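K.L.:
Top line first, the protein sequences correspond to chains R and B.
Just so we're aligned, residue 877 is where the first sequence starts under this note's numbering, counting upward by one.
Just so we're aligned, residue 27 is where the second sequence starts under this note's numbering, counting upward by one.
The beta-carbon is built from N, C-alpha and C at its ideal position, and this holds for glycine as well.
This one's a predicted model, so the numbers in the text were calculated from it and none came from an experiment.
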Amino acid sequence: MTVAPQLGTLPLTAAQQGLLVVHRTVPVPHLYNVVAELELDPALAPESVAAALTAVLAVQPALRLAVQEGTAPHAELREVPADATPLRITSTAAADFDAQRETLLSELGDTAFDLAEAPLLRAVLLHTADHGKDHEQARAALLLCVHHLVFDGFSLRQFVRDFTRAVRGELDVDGLRAVRERALHKELAAQLAAAEDERVEQTAADIAERLRATPATVLYPRPGRATSTKFRGERRRIQLSADRSKALDDTCAALGVSPFVLFCAVYAAVLARHSANESVVFGSPVVARRTLGSFDLCGFFVNTLPLVVDVPWQQRFDTFAKETVQREADRVKAGAAVSFDRIVRHAEPDRSTNRNPLFSCMLAMQDATDGAPGEAVRRVREHGNGTAKFDLWLGVTPTPGGWLLELEHDRELLPAPVVDGLVDSLTGVLHRVVERPDAALCDLFDDASLAASRSTDGHWHPPSAPGLHGWLNATAARRTEAVAVEEDGRSVTYAALDALVRDAAAGLARRGVGPGTVVGLTTPTLVDTVVAMLALLARRAVFLPLDLSLPGERLAYMTGKADCRLVIGTGEVEGVEVVPLAQLAVPEGKFTPVDQAGDDDGVYVMFTSGSTGRPKGVLMSEGPLVNLTAWQIDALEMGEDTRFLQYAPLGFDVSFQEILPTLAAGGTVVSREPADRRDQPAVVARIGARKVTHVYLPVAALRPFARAAQDAGDDLPELRYVCVSGEQLLLDDGVRRFFAERPHLRLVNLYGPTETHAVTTHRLTGDAASWPVHVPIGHPLTGVHAHVLDTTGRLAPSGVPGELHLGGVCPARGYVDDPVRTAERFLPDSRGEQDGARMYRTGDQVLRDEHGALVFLGRDDDQVKIRGYRVELGELETAAAGHPGVRLAVAAVRGDGAQRHLVLFFIPEDGPAAGPDDVRRHVAAALPGYMVPTRVFAVASVPTTRNGKVDRSALLEDAERAIREEADADTGAVTATGDPLEAWLQDLWRQLLGRPDVPVDGSLLSYGAHSLNVMTARATIEERYGVQIPLLDFFRDPTVRAQAVMIDEAREGAR
Amino acid sequence: MSRTDEATDRDIDSVIRSHIRVPFTETSLLAEVGLDSLSVLRIASDLIPDPDHEIDPTGLAAVRTVADLQQWLHGLLAAAESVR
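#1: Just to confirm, is the Cβ distance from Val-1395(R) to Tyr-1691(R) under 8 angstroms?
#2: Below 8 angstroms CB to CB, which residues in the same chain sit around Arg-1044(R) once its five sequence neighbours on both sides are set aside?
#3: With respect to the beta strand (DSSP E) encompassing His-1769(R), which residues constitute its N-terminal and C-terminal limits?
#4: How would you list, in chain order, the residues of chain B whose beta-carbon sits under 7 angstroms from the beta-carbon of Lys-1062(R)?
#5: Compile a chain-ordered list of the residues in the segment 1192 to 1210 of chain R whose CB is closer than 7 angstroms to at least one CB of chain B.
#6: Looking at C-alpha atoms only, which residue of Ala-1432(R), His-1003(R) and Leu-1019(R) is the closest neighbour of Gln-1013(R)?
#7: Is Thr-1180(R) helix, strand or coil when you go by DSSP?
#8: Can you find the residues in the same chain that come closer than 7 angstroms, C-beta to C-beta, to Leu-984(R), ignoring five residues on each side of it along the sequence?
#9: Strictly under 8 angstroms for the Cβ-Cβ distance: is Phe-1176(R) near chain B by that measure?
#10: Where does Tyr-1096(R) sit, in a helix, a strand or coil, going by DSSP?
#11: Need the endpoints of the beta strand (DSSP E) that Phe-1813(R) sits in, please.
#12: Looking at Val-1418(R) and Thr-1398(R), is the spacing between their C-beta atoms short of 8 angstroms?
#13: From Met-1922(R) to Ile-1905(R), what does the alpha carbon distance come to, in whole angstroms?
#14: When the distance is taken between beta carbons, is Asp-1267(R) closer than 8 angstroms to His-1946(R)?
#15: Take Ser-967(R) as the anchor and find which of Ala-960(R), Ala-1565(R), Pro-1338(R) and Leu-980(R) has the nearest alpha-carbon.
#16: Arg-1502(R): buried (16+ other C-beta within 10 angstroms of its C-beta) or exposed?
#17: Quick check on Thr-1167(R) - is its C-beta less than 8 angstroms from some C-beta in chain B?
#18: Please report the straight-line C-alpha distance between Gly-1642(R) and Gly-1654(R), rounded to a whole angstrom.
#19: Can we say the segment 1665 to 1672 of chain R touches the segment 1113 to 1124 of chain R, given the rule of at least three CB pairs closer than 8 angstroms?
#20: Is Gln-1190(R) buried or exposed, if buried means 16 or more other CB atoms sit within 10 Å of its CB?
#21: Under 8 angstroms, do Pro-937(R) and Arg-1015(R) count as touching if we go by C-beta distance?
#22: Can you list, in chain order, the stretches of the beta strand (DSSP E) that have 3 or more residues and sit fully within the segment 1136 to 1183 of chain R?
#23: Look at the Cβ atom of Leu-1640(R), then the Cβ atom of Gly-1750(R), and state whether they are nearer than 8 angstroms.
#24: Which of the three DSSP states is assigned to Asn-1232(R) in this structure?
#25: Tell me the residue span of the alpha helix (DSSP H) that contains Val-898(R).
#26: Less than 8 angstroms between the CB atoms is what I'm expecting for Arg-1871(R) and Tyr-1883(R), so what's the real figure, rounded?
#27: In terms of residue numbering, what span does the alpha helix (DSSP H) encompassing Asn-1889(R) cover?
#28: When you compare only the Cα positions, how much space is there between Arg-1416(R) and Glu-1549(R)?
#29: What does Ser-1367(R) pair with, by DSSP beta-bridge criteria?
#30: Could you pull the start and end residues of the alpha helix (DSSP H) that Asp-1475(R) belongs to?
#31: Please state whether the Cβ-Cβ distance between Leu-991(R) and Ala-942(R) is less than 8 angstroms.
#32: So Glu-1311(R) is in the alpha helix (DSSP H); what residue range does that whole segment cover?
#33: Below 8 angstroms on the Cβ atoms is my contact criterion, and I expect Ser-1151(R) with Pro-1188(R) to pass it. Report the Cβ-Cβ distance as a whole number of Å.
#34: Where does Leu-1730(R) sit, in a helix, a strand or coil, going by DSSP?
#35: Here's the rule: buried if 16 or more other CB atoms are within 10 angstroms of the residue's CB, otherwise exposed. What is Gly-884(R)?
#36: Going by Cα to Cα distance, which pick from Phe-1732(R), Ala-1352(R), Thr-1245(R) and Thr-1332(R) is closest to Gly-1277(R)?
Now the structure itself:
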């Protein structure tokens, strides 16, 4: 093998160096392959194709470049002798041509180029074996794979042009060769000179400023979204018809915008809808060629620049395109000399993943490269190679048949259903802008499928009677001798319960309690409570649970709002008569039963605290509760042997689910007492002792419950269902282990505001070890419609965040004595099945995942966002608590706006404790970069507020004080070191950064380190110590100290 | 206007005409007549044979109408002249 001689050394542009950084960071060597297919005139002799390719290589110097990395990266121009032209010629039967072509394209696409070996190009000529004999069947194609480092989007046109001329014998190889080499030198010189212009730095800073102020555009922003992927991709082709394409072109002309601006406008609107953002960021390649001579060259002369586009939904599309988008397009074109790394330097983005740090989506207007029927090259097509560089890439190519759109997506980040939604939005918007260019941006979109809103889990047990009272009576009649309610020291059969209820109902009747009357409950025992509830149901009255531990003023507010004048139970409630149950009951009293088929005046009032303003009393009617009961009996496999623990406070609507469905199914309601709710070991013991089969816990109690059972070695053999609700369910290994070791137990997550009771459910099945951290809230119950309305006001497609609105049978009547807030939250459902259909607007942000399950994202009013990324403090706390040395962790947000960052407080376990650095490292290994806390503090205890909740403000105050003291003591960044390796590194960085004050344990990024000089540092370290530091590890902890540790560890490993 | 300028304007005009297939006036937007930035560059390379001649992409971004284009090409040619 002859070693190709070197014809000269050429500098690399910043863009090329940037591509090298990616090449080193991303373990996908074929990611930046350009794959093209040239359909050829089959009459061309293979030898002439080979000769033409050789000629093209000779006159296109970029195609003869090799790239040398190391401490001084550069390119080398080589010779490619005719006998070393990288062309394979292969023939096939006509019938197999397409299949063979696919196979070869795939092989070519997988080429892993050795960048140091020229040419960075491979080609295969595929032709039919029987060509020449049967011209109709004869086919030929030249398949190309070229590395992007030497081949930008404009290069294919040049290649085809030179190739065509070579085939015709019109290419003056000797003459052009020198001209082209000179042109390449000149262009590189011009690019490098332009990069030195001081305006470039200012432009880069301006662009970075805009980026920092804009939240990241994240498609399908589900919790647990992978931050690093394998870049596996898929392309969808959308060929617009000739008519539609012409219509689009006419629209461009009418609006006075280029196709680039039109497609940017459409793309921006689609990205805004699908990422639920009002400002979006996407990249686009901008031609950076400076010399006229460069336009004949193949090469890599583009800079990829970000467009930041505000998408105001009410703005008309034509104005949006002509003004907003045009302005941004002009800005971007004017920044053609700014290379990517400059912007990164100024933007200081999160560098902890292997993905593009500035934008996740890209739009590329491809150059038209038409072949022509009579030509040597009939048709030109570019192909993907099963990779995706971005989350979403839209390529737009003008073809003779019309605009060709290609959507390439990362398969892991954007699964098929999500991409389907994007395709629908894209084609829909393109339709609409032609028909109605004056439409508001939000009106360019349509509802996604209504079927998704209405799809339920289908569980249903037919009620024995139309109403709750009738249903309970029917069951009681069947189960007379079975125990209905069991509390410590007392069991009551269905028959006995029925008698007690009749007596109480008579007493209520005597006091004028009838349909719609609101009666408070402060009954001290479970039996009394159940009797009172059922008696009120019999009277079609409304019960209002009252917690006597609440302040008197609050209780008075509640009874006032609900117009409650009578309370059954103990204690004192201001302004209201409290009657013990025993006193109320009239033994065997006679009374006129209430017509059960009357109007639905409501079953209970339960107060819910909003985040602002005074609590609201939700009046829940019978219809939704019958539906819920019918669902639950089937879903939780309830029946006569059900023993449901009554755990929830009565004022929580969960208590209804513990009591009513159990009695409707003929089972037993078991009291929690004497176990205290907060004493999980006692709760676990009671469940075992009383052979409870069903328990319903608040999410916060699950971990302690599981831990208590593990500590007690209790398998809980009778228990079947553990249901949780109340807040986002986050699982850790302790909980997973608990369930893995008890395969007879099912874990069911439920979600539902008081205004609708429980409405969605997600059952965790299969191997507990694979259960996700962030558990979905799942699918609607039978009879519930779950509408997700996105930022355009339409039903959201798969993976698109929106506000959850609940319709169908579940919405309550409204808030007692509060017509204004009732009207605000209980809205007409225009998508409902019946006239007068209503829905409740939850204020909760959700999305439907690729399986159709709803995932809770947070409340509108308390999103924590760091640099535009939604952050769940609970997730950070769970991750930190996973460290064995951490007993309890609390996360908080410090600072404002762009300065917002996360801090973490933790109480160390007794025994070998964890230090803040250990915890920080542990978290950094488990979570995306933007969720890693900037500071970690060990604390002795966690202060709580009067309500028993964690007092984050107090913790933050302590942190402020600690940080101030630190600053005063002027400890700052350490600059002196006695360690020789650290000293060597410090010196290296002094030289690279051109400054003397390089710290040992401060972030080098603040001192001017960036991806390009990091590459140089790595190369120097490799040269000196023979080890490689992975680029991402550098960015995770960009300090001299950390690098010294990494070098030592790598050297240890190598020994 | 000097004779050189006249000749220049004629050259510019004829090259522009050869690239636009629809009727146009000076105020026509390039987007209206089907010219994008690449076609503008092609027009420029038709007019200026010197391959080393540099164009500033920033200036190019500001070219919106046919009149802008004429002006920009004029400037390019003048710069090319002065180099010779």
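P.N.:
According to the structure data:
#1: For the purposes of this step, residue 1395(R) is taken as the residue at position 519 of the first sequence. For the purposes of this step, residue 1691(R) is taken as the residue at position 815 of the first sequence. Taking 8 angstroms as the cut-off, the Cβ atoms of Val-1395(R) and Tyr-1691(R) do not count as close.
#2: The sequence position of residue 1044(R) within the first sequence is 168, counting from 1. Cβ neighbours of Arg-1044(R) beyond the five flanking positions: Ala-1252.
#3: As a position in the first sequence, residue 1769(R) is number 893, starting the count at 1. A quick correction: the sequence has Val, not His, at residue 1769(R). Looking at the DSSP string, the run of the beta strand (DSSP E) that includes Val-1769(R) is 1762 to 1770.
#4: As a first step, residue 1062(R) must be located in the first sequence, where it is residue number 186. Under the 7 angstroms cutoff, chain B gives Asp-78.
#5: Result list: Asp-1206, Lys-1209 and Ala-1210.
#6: Position 137 of the first sequence, counting from 1, holds the residue named residue 1013(R). For the residues Ala-1432(R), His-1003(R) and Leu-1019(R), the minimum Cα distance to Gln-1013(R) belongs to His-1003(R).
#7: Position 304 of the first sequence holds residue 1180(R). Reduced to three states, the DSSP call for Thr-1180(R) is strand.
#8: As a position in the first sequence, residue 984(R) is number 108, starting the count at 1. Sequence-distant partners of Leu-984(R) (beyond 5 residues in either direction) whose C-beta falls short of 7 angstroms from its own C-beta, in its chain, are Val-911, Arg-998, Val-1000, Leu-1019 and Cys-1021.
#9: In the first sequence, residue 1176(R) corresponds to position 300, counting from 1. Residue contact check for Phe-1176(R) against chain B: no CB pair falls below 8 angstroms.
#10: As a first step, residue 1096(R) must be located in the first sequence, where it is residue number 220. If DSSP states are grouped into helix, strand and coil, Tyr-1096(R) belongs with coil.
#11: Mapped onto the first sequence, residue 1813(R) falls at position 937. 1811 to 1814 is the span of the beta strand (DSSP E), which, as asked, contains Phe-1813(R).
#12: The residue you call residue 1398(R) lines up with position 522 of the first sequence. The residue you call residue 1418(R) lines up with position 542 of the first sequence. Contact flag unset, no.
#13: Numbered from its first residue, the first sequence carries residue 1922(R) at position 1046. Numbered from its first residue, the first sequence carries residue 1905(R) at position 1029. Roughly 7 angstroms separates the two Cα atoms.
#14: Because chain R in this structure spans residues 877 to 1931, residue 1946(R) falls outside the shown range and cannot be described.
#15: Here the question's residue 967(R) lines up with position 91 in the first sequence. Considering only alpha carbons, the answer is Leu-980(R).
#16: For the purposes of this step, residue 1502(R) is identified with residue 626 of the first sequence, where counting begins at 1. It is Val, not Arg, that sits at residue 1502(R) in the sequence shown. Answer is buried; the Cβ neighbour count reaches 16.
#17: Taking the first residue of the first sequence as position 1, residue 1167(R) is located at position 291. So yes, Thr-1167(R) belongs to the interface.
#18: Position 766 of the first sequence, counted from the first residue, corresponds to residue 1642(R). Position 778 of the first sequence, counted from the first residue, corresponds to residue 1654(R). Between the alpha carbons of Gly-1642(R) and Gly-1654(R) lies a gap of roughly 16 angstroms.
#19: Contact between the segment 1665 to 1672 of chain R and the segment 1113 to 1124 of chain R is absent, because fewer than three Cβ pairs lie under 8 angstroms.
#20: The residue you call residue 1190(R) lines up with position 314 of the first sequence. When all chains shown are included, Gln-1190(R) counts as exposed.
#21: Taking the first residue of the first sequence as position 1, residue 937(R) is located at position 61. Taking the first residue of the first sequence as position 1, residue 1015(R) is located at position 139. The answer is no: Cβ separation not under 8 angstroms.
#22: Look at the segment 1136 to 1183 of chain R and you find these whole runs of beta strand (DSSP E), each 3 residues long or longer: 1155 to 1163.
#23: On the first sequence, residue 1640(R) is found 764 positions in, with the first residue counted as 1. On the first sequence, residue 1750(R) is found 874 positions in, with the first residue counted as 1. For Leu-1640(R) and Gly-1750(R), no; Cβs fall outside 8 angstroms.
#24: Taking the first sequence and counting its residues from 1, one reaches residue 1232(R) at position 356. Three-state DSSP puts Asn-1232(R) in coil, outside helix and strand.
#25: Here residue 898(R) refers to the residue found at position 22 when the first sequence is read from its first residue. Note, Val-898(R): alpha helix (DSSP H), 890 to 901.
#26: The residue you call residue 1871(R) lines up with position 995 of the first sequence. The residue you call residue 1883(R) lines up with position 1007 of the first sequence. That pair is a contact at about 7 angstroms.
#27: The residue you call residue 1889(R) lines up with position 1013 of the first sequence. In this chain, the alpha helix (DSSP H) harbouring Asn-1889(R) covers 1887 to 1901.
#28: For the purposes of this step, residue 1416(R) is identified with residue 540 of the first sequence, where counting begins at 1. For the purposes of this step, residue 1549(R) is identified with residue 673 of the first sequence, where counting begins at 1. CA-CA distance, Arg-1416(R) to Glu-1549(R), rounds to 29 angstroms.
#29: Within the first sequence, numbered from 1, the residue matching residue 1367(R) stands at position 491. Beta-bridge partners assigned by DSSP to Ser-1367(R): Glu-1362(R).
#30: In the first sequence, the residue the question calls residue 1475(R) occupies position 599. From DSSP, Asp-1475(R) is part of no alpha helix (DSSP H); its letter is neither H nor E.
#31: Counting from 1 along the first sequence, the entry for residue 991(R) is found at position 115. Counting from 1 along the first sequence, the entry for residue 942(R) is found at position 66. With a cutoff of 8 angstroms on beta-carbon distance, Leu-991(R) and Ala-942(R) are scored as near each other.
#32: If you number the first sequence from 1, residue 1311(R) lands on position 435. In this chain, the alpha helix (DSSP H) harbouring Glu-1311(R) covers 1292 to 1311.
#33: Sequence index remark: in the first sequence, residue 1151(R) carries index 275 (1-based). Sequence index remark: in the first sequence, residue 1188(R) carries index 312 (1-based). About 15 angstroms separates the beta carbon of Ser-1151(R) from that of Pro-1188(R), a gap too long to meet the 8 angstroms contact definition.
#34: Along the first sequence, read from residue 1 onward, the residue named residue 1730(R) stands at position 854. Strand, per DSSP.
#35: Position 8 of the first sequence, counted from the first residue, corresponds to residue 884(R). Per the 10 Å Cβ criterion, exposed.
#36: In the first sequence, residue 1277(R) corresponds to position 401, counting from 1. Comparing Cα-Cα distances from Gly-1277(R) to each of Phe-1732(R), Ala-1352(R), Thr-1245(R) and Thr-1332(R), the minimum goes to Thr-1245(R).
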